[in-house]
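Chains as they are written, first to last, in numbering that gives the first Met the number 0: chain A, 0 to 110; chain B, 0 to 638.
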Amino acid sequence: MICIWLSFRDGLFFVDRHPLLVHGRWGIYCALMNLYDAQFKVGSLVEVETLAGVELIVERLHELGIRIGTQLEVVGYAPFQGPLLLRFKSTLIALRKEEAQCTKVKLISGK
Amino acid sequence: MHKSETHQRQIGVALIGAPNSGKTTLYNWLTGSKFKTVNYPGATVEYSLGSLAAHLGEGPLVMDTPGTYSLHPKSADEMVTLKALYENPELGTVAGIVVVIDGTHLSRHLLLAEQVKETGFPMVLVVTMADLLKKQGLELDVKKLSETYSCPVLVFDGLLGGGLLEVATAIKSLKMAHCPTKPMIWNFAETETKIRQIESLGSSLLLDVNSQGSRQTAEKLHKISEFSLKLDRVLLHPIFGLLFFVLIMGLLFSSIFWAAAPAMDFVDSLFASGAEWVVERAPGSLWSDFLGNGIIASFGAALVFVPQIFILFFGIGLLEGSGYLARAATVIDKPFSWVGMSGRSFVPILSGFACAVPAMIATRNISSSRDRWITTFIVPLMTCSARLPVYALLLAFVFRGEASWKPGIALAALYLGSVLVGGIVSAVLNKVLPKKDLSFFMMELPIYRRPRLRVLLRQAYDRTKSYVFRAGPAIFIFAVLVWGTSTFPHYELEDPQMRLEQSYLGQVGKILDPVMQPMGSDWRVGIGMVSAFAAREVFVSTLAIVFNITTDDEVEQESGLMQKMTAAVHTDGSPLFTVASVAAILIFFMIALQCMSTVAVAAKEMSSWKFAISQLVVFNLIAYLLSVAVYQSLSFFGL
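Right, dumping it as structure tokens:
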């Protein structure tokens with residue numbers, strides 16, 4: 000529903016360039032979930048589709064080794080709905096809401 | 000700046016590496032902990048500079064830098080770190096760079112090596128945490144790594160110092176061939192490509208001792224974090240995580256008090272009896288009084304908190320070394336962000352409960368300058384241990400003859416009150432201050448490890464030493480100042496009460512009398528408050544002199560003081576110390592910034608006297624106004 004709404008709102012012409020969207024097959028646009036708002040269940044595995052948002056945060060995410068195609072495992076959420084805990088390779092990291100929101104992902108396994 | 004132009008610049012190499020890469024451990028091994036910290040001119044960033052330890056022979060100076068993932072600066076502080084490599088005031092351009100890389104994070108940390116290579120700096124790669132790889136049956140392909148970056152690659156064991164000699168030899172042979180260029184800035188696509196390249200390089204560098212499958216290598220790397228992951232499921236759990244956080248911090252916090260108490264008593268009595276001994280050598284002479292009650296007692300005032308500071312640093316080192324500190328910051332990040340700070344502000348705030356001076360130094364770990372500003376500003380509000388003797392006396396007075404849990408509850412309320420006021424001030428600052436730079440959290444959680452006792456003890460010792468040299472002189476000078484102003488000009492008077500009353504300090508107290516009246520006190524309390532500017536706990540001993548207690552025995556002094564306080568009256572005959580006036584004094588001490596060493600350190604850490612002075616004025620003003628409000632409203636209800 001969200002994707003349809005977005006595509007109408009932005010007009011199909013712009014949808015291509017909308018940072019939240021990636022191009023699917025034949026006019027089907029699917030909205031990417033950002034890592035935070037999707038509230039994945041603990042244990043879910045997601046893959047980074049793109050990094051977008053505040054430039055400095057994107058650069059920092061890059062420096063930590065998170066790139067397009069990196070698979071992240073959702074390990075948990077800190078108290079008070081604080082930072083999101085993730086694991087990739089042998090690394091454990093905590094990302095704040097604003098930081099995780101710059102990471103647009105697709106679900107690989109889990110919910 | 001003049002100095003650096005006139006003296007010949009020395010040759011130095013810099014250590015750089017990601018946070019938790021073992022960079023500082025290597026630095027400590029290389030320098031044998033004999034180093035000085037240097038403030039970069041005009042900035043709050045400090046870097047550490049040291050010469051090679053004696054057994055490693057002559058060589059270049061070694062510079063430690065704050066942990067960083069890249070050479071592309073994103074904050075003012077990182078810019079300074081970068082500058083320290085190119086335009087170092089003491090070293091000029093460094094002769095070479097030692098890139099420290101965590102062996103278990105090769106596929107990420109080599110990005111930094113890539114950037115250094117592009118600049119053309121002579122480079123040495125030091126790979127740490129090889130013991131963790133070994134445990135999983137993995138081995139680093141040193142030859143391949145060395146060929147890829149055409150530079151020496153060395154494996155270093157941070158726990159035992161294995162490989163230290165080789166690292167030192169490599170550092171000595173670093174030679175600048177040509178002038179290095181500035182780091183290249185990669186765009187998004189370039190960065191993506193580089194990360195991919197580094198990743199595939201990283202995974203090809205790890206050889207499985209038993210088989211050659213790269214799939215297994217990845218799994219084995221995964222295994223290293225497996226235990227930490229399981230532990231984090233509990234320690235970072237939304238509910239249990241919070242529970243453990245409170246438990247662990249409660250343990251650390253209470254140990255600062257109960258474990259330090261015997262040592263503090265020892266230091267206290269040592270200096271007290273020392274002072275007494277000196278005074279007895281030549282009773283009544285000014286010199287013995289100066290030496291005993293001025294010098295020795297002042298040293299005592301400065302050193303009495305050392306046991307507490309040591310335990311605090313040891314505890315923080317334990318949390319840091321085990322890997323829990325990053326988790327604690329994560330747990331508390333959200334509540335802290337409500338009032339404009341981040342989880343990184345947690346350690347300074349916690350340290351503030353022992354002493355504001357090390358707490359302010361600890362704010363250096365906060366990457367956002369705005370967060371750091373706010374944290375440093377509110378640190379003096381935390382109930383430091385110097386306030387404790389004052390609280391103890393006043394609460395014992397208010398609750399004299401009553402159940403012992405009552406002052407306990409009141410004390411807890413005072414601690415909570417300081418947190419509350421700190422939170423309010425921080426929230427106000429958060430609203431008022433312009434949001435210039437982005438506040439980051441993005442924290443890598445190191446795997447849990449068992450820290451080495453020897454390392455912890457040494458670290459705590461080093462940090463305590465640096466505290467003593469930083470705060471000691473200020474405390475000492477002000478303590479001597481209080482002695483001088485409370486002794487002169489009528490030092491010949493026998494009666495200590497008369498001497499104090501007619502002294503400069505006594506005169507200041509009398510000037511303060513009209514100021515003290517609205518909060519229900521008079522010049523006698525005023526003198527105590529002025530003398531508390533040397534160190535807060537001096538308030539108690541000054542009150543003792545004001546109310547003419549001559550006994551040296553502490554228990555007797557307190558009960559004697561208690562009686563005198565009960566008997567003390569205003570000029571109109573009404574009692575001086577009522578619930579209302581004592582509550583006003585308590586509120587004043589809770590908020591007021593009286594500690595001059597804190598002011599000095601704040602000015603130094605923030606490189607701004609304006610900051611320190613405004614902190615001093617704001618807190619004392621708020622403290623005074625609030626205590627007046629408390630006295631007036633409480634006395635309205637007849638308390």
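Note that beta-carbon positions come from the ideal geometry of N, C-alpha and C, so glycine has one too.
Since the structure is predicted, the reported quantities are computational estimates derived from the model, not experimental observations.
Comparing the C-beta of Phe39 of chain A with each C-beta of chain B, is any distance below 8 Å?
The count along the first sequence starts at 1 and reaches residue 39 of chain A at position 40. Chain B contact via Cβ: absent.
Ignore the nearest five residues each way along the sequence and tell me which others in Thr362 of chain B's own chain have a CB closer than 6 Å to its CB.
The sequence position of residue 362 of chain B within the second sequence is 363, counting from 1. Answer for Thr362 of chain B: Pro347, Arg371, Thr374, Thr375, listed in chain order.
State the Cα-Cα distance for the pair Ser89 of chain A and Leu394 of chain B, rounded to the nearest angstrom.
As a first step, residue 89 of chain A is located in the first sequence; it is residue number 90 there, counting from the start. As a first step, residue 394 of chain B is located in the second sequence; it is residue number 395 there, counting from the start. Spanning the two alpha carbons is a distance of roughly 53 Å.
Step through the CB atoms of chain B and report whether any lies within less than 8 Å of the CB of Gly64 of chain A.
For the purposes of this step, residue 64 of chain A is taken as residue 65 along the first sequence, with counting starting at 1. Under the Cβ distance rule, Gly64 of chain A counts among the residues neighbouring chain B, one pair being separated by less than 8 Å.
With DSSP as the reference, label Phe87 of chain A as helix, strand or coil.
Counted from its first residue, the first sequence places residue 87 of chain A at position 88. DSSP places Phe87 of chain A within a strand segment (E or B) once states are collapsed to three.
Contacting positions in the stretch 68-90 of chain A - beta carbon closer than 7 Å to chain B
Residues passing the 7 Å Cβ filter: Val74, Gly75, Tyr76, Ala77, Pro78, Phe79, Gln80, Gly81, Pro82, Leu84, Arg86, Lys88, Ser89, Thr90.
Contact list for the stretch 428-442 of chain B against chain A, Cβ threshold 9 Å
So the list reads Asp436, Leu437, Ser438, Phe439, Phe440, Met441, Met442, given in the order they occur along the chain.
Do Asp332 of chain B and Pro82 of chain A have their CB atoms nearer than 8 Å?
In the second sequence, the residue the question calls residue 332 of chain B occupies position 333. In the first sequence, the residue the question calls residue 82 of chain A occupies position 83. Yes, Cβ-Cβ distance for Asp332 of chain B and Pro82 of chain A is below 8 Å.
Which residues in chain B have a C-beta closer than 7 Å to the C-beta of Glu46 of chain A? List them in chain order.
One-based indexing of the first sequence puts residue 46 of chain A at position 47. Scanning chain B for C-beta atoms nearer than 7 Å to the C-beta of Glu46 of chain A yields nothing, as the closest lies near 14 Å away.
Span separating the alpha-carbon of Leu560 of chain B from that of Val514 of chain B
Position 561 of the second sequence, counted from the first residue, corresponds to residue 560 of chain B. Position 515 of the second sequence, counted from the first residue, corresponds to residue 514 of chain B. Straight across, the Cα-Cα distance linking Leu560 of chain B with Val514 of chain B is about 24 Å.
With three or more beta-carbon pairs closer than 8 Å as the criterion, would you say the stretch 415-423 of chain B touches the stretch 281-290 of chain B?
No: fewer than three Cβ pairs fall under 8 Å.
Glu191 of chain B vs Ile107 of chain A beta-carbon contact at 8 Å
One-based indexing of the second sequence puts residue 191 of chain B at position 192. One-based indexing of the first sequence puts residue 107 of chain A at position 108. No, the pair does not count as a contact, with Cβ atoms beyond the cut-off.
With a 10 Å radius around its C-beta and 16 neighbouring C-beta atoms as the bar for buried, classify His104 of chain B as buried or exposed.
Locating residue 104 of chain B in the second sequence gives position 105, where the first residue counts as 1. Buried: at least 16 other Cβ atoms inside 10 Å.
If you follow the alpha helix (DSSP H) that Leu506 of chain B is part of, which residue opens it and which one closes it?
To locate residue 506 of chain B, count along the second sequence from 1; it is residue 507. The amino acid occupying residue 506 of chain B in the given sequence is Gln; Leu does not appear at that position. Residues 503-515.
Taking Leu158 of chain B as the reference, which of B:Tyr26, B:Phe270, B:Leu173 has the closest Cα?
Position 159 of the second sequence, counted from the first residue, corresponds to residue 158 of chain B. Answer by Cα proximity: B:Tyr26.
Under 7 Å by beta carbon: chain A residues contacting Tyr68 of chain B
Taking the second sequence and counting its residues from 1, one reaches residue 68 of chain B at position 69. The contacting residues are Glu62, Leu63.
Check the Cβ-Cβ distances between Ile15 of chain B and every residue of chain A, and say whether any is below 8 Å.
Your numbering for residue 15 of chain B matches position 16 in the second sequence. The beta carbon of Ile15 of chain B sits no closer than 8 Å to any beta carbon of chain A.
Pro488 of chain B by DSSP, collapsed to three states: which one?
Numbered from its first residue, the second sequence carries residue 488 of chain B at position 489. Three-state result, Pro488 of chain B: coil.
Measuring CB atoms only, is the stretch 230-244 of chain B touching the stretch 452-469 of chain B, in the sense that at least three cross pairs come out at less than 8 Å?
In short, these stretches do not touch, since the Cβ pair count stays below three.
7 Å CB neighbourhood of Leu691 of chain B in its chain, flanking five on each side removed:
Beyond the ends of chain B as shown, which are 0 and 638, falls residue 691 of chain B; an answer cannot be given.
Indicate whether at least one CB of chain A lies closer than 8 Å to the CB of Arg535 of chain B.
What you label residue 535 of chain B is simply residue 536 of the second sequence in a count that begins at 1. Among the CB atoms of chain A, none fall inside 8 Å of the CB of Arg535 of chain B.
Consult DSSP for Ala176 of chain B and reduce its assignment to one of helix, strand or coil.
As a position in the second sequence, residue 176 of chain B is number 177, starting the count at 1. Three-state DSSP puts Ala176 of chain B in coil, outside helix and strand.
At what residues does the alpha helix (DSSP H) containing Leu116 of chain B begin and finish?
The residue labelled residue 116 of chain B in the question sits at position 117 within the second sequence. The identity of residue 116 of chain B in the sequence shown is Lys, whereas the question assumes Leu. 105-118 is the extent of the alpha helix (DSSP H) around Lys116 of chain B.
Mind listing the chain A neighbours of Thr64 of chain B? Cutoff is C-beta to C-beta under 7 Å, in chain order.
In the second sequence, the residue the question calls residue 64 of chain B occupies position 65. Those do not exist, as Thr64 of chain B stays about 16 Å from chain A at its closest Cβ, beyond 7 Å.
Kindly list the residues whose CB is nearer than 7 Å to the CB of Val629 of chain B, restricted to its own chain and excluding five residues on each side of it in sequence; keep chain order.
Along the second sequence, one-based indexing puts residue 629 of chain B at 630. Excluding five sequence positions before and after Val629 of chain B, the CB atoms of its chain that fall closer than 7 Å to its own CB belong to Ala582, Ala583, Ile586, given in chain order.
Nearest by alpha-carbon distance to Thr570 of chain B: which of B:Leu492, B:Val600, B:Asp521 is it?
As a working mapping, residue 570 of chain B is identified with position 571 in the second sequence. Among B:Leu492, B:Val600, B:Asp521, the Cα nearest to that of Thr570 of chain B is on B:Asp521.
Which residue wins for smallest C-alpha separation from Thr486 of chain B, given the options B:Tyr503, B:Arg386, B:Pro59, B:Ala478?
Looking up residue 486 of chain B in the second sequence gives position 487. If we check each option's Cα against that of Thr486 of chain B, B:Tyr503 comes out closest.
Indicate whether at least one CB of chain B lies closer than 8 Å to the CB of Leu94 of chain A.
Stepping through the first sequence from its first residue, residue 94 of chain A is reached at position 95. Chain B contact via Cβ: present.
Residues of chain B with a CB under 8 Å from the CB of Leu34 of chain A: which are they?
The sequence position of residue 34 of chain A within the first sequence is 35, counting from 1. Chain B residues near Leu34 of chain A: none, gap ~13 Å exceeds 8 Å.
Just to confirm before moving on: does the CB-CB distance between Lys171 of chain B and Gly58 of chain B stay below 8 Å?
Taking the second sequence and counting its residues from 1, one reaches residue 171 of chain B at position 172. Taking the second sequence and counting its residues from 1, one reaches residue 58 of chain B at position 59. For the 8 Å CB-CB criterion, Lys171 of chain B and Gly58 of chain B form a contact.
Using 10 angstroms around the beta-carbon of Pro488 of chain B, count the other beta-carbons present and answer buried if the total reaches 16, otherwise exposed.
Indexing the second sequence from 1 puts residue 488 of chain B at position 489. So Pro488 of chain B ends up on the exposed side.
Please classify Ile92 of chain A: does DSSP put it in a helix, a strand, or coil?
In the first sequence, residue 92 of chain A corresponds to position 93, counting from 1. In the three-state scheme derived from DSSP, where H, G and I count as helix and E and B as strand, Ile92 of chain A is classed as strand.
Do the CB positions of Leu55 of chain A and Leu81 of chain B come within less than 8 Å of each other?
Locating residue 55 of chain A in the first sequence gives position 56, counting from the first residue. Locating residue 81 of chain B in the second sequence gives position 82, counting from the first residue. The answer is no: Cβ separation not under 8 Å.
Using a beta-carbon distance cut-off of less than 7 Å, what residues from the stretch 322-338 of chain B approach chain A?
Along the stretch 322-338 of chain B, going in chain order, the ones with a CB nearer than 7 Å to a CB of chain A are Thr329, Val330, Asp332, Lys333, Pro334.
For a contact defined as C-beta to C-beta under 8 Å, what are the partners of Ser20 of chain B on chain A?
What you label residue 20 of chain B is simply residue 21 of the second sequence in a count that begins at 1. Using a Cβ-Cβ cut-off of 8 Å, Ser20 of chain B is close to nothing in chain A; its nearest Cβ partner there is about 12 Å away.
Would Lys174 of chain B pass as an interface residue toward chain A - the criterion being a Cβ-Cβ separation below 8 Å?
As a working mapping, residue 174 of chain B is identified with position 175 in the second sequence. With its beta carbon at least 8 Å from every one in chain A, Lys174 of chain B lies outside the interface.
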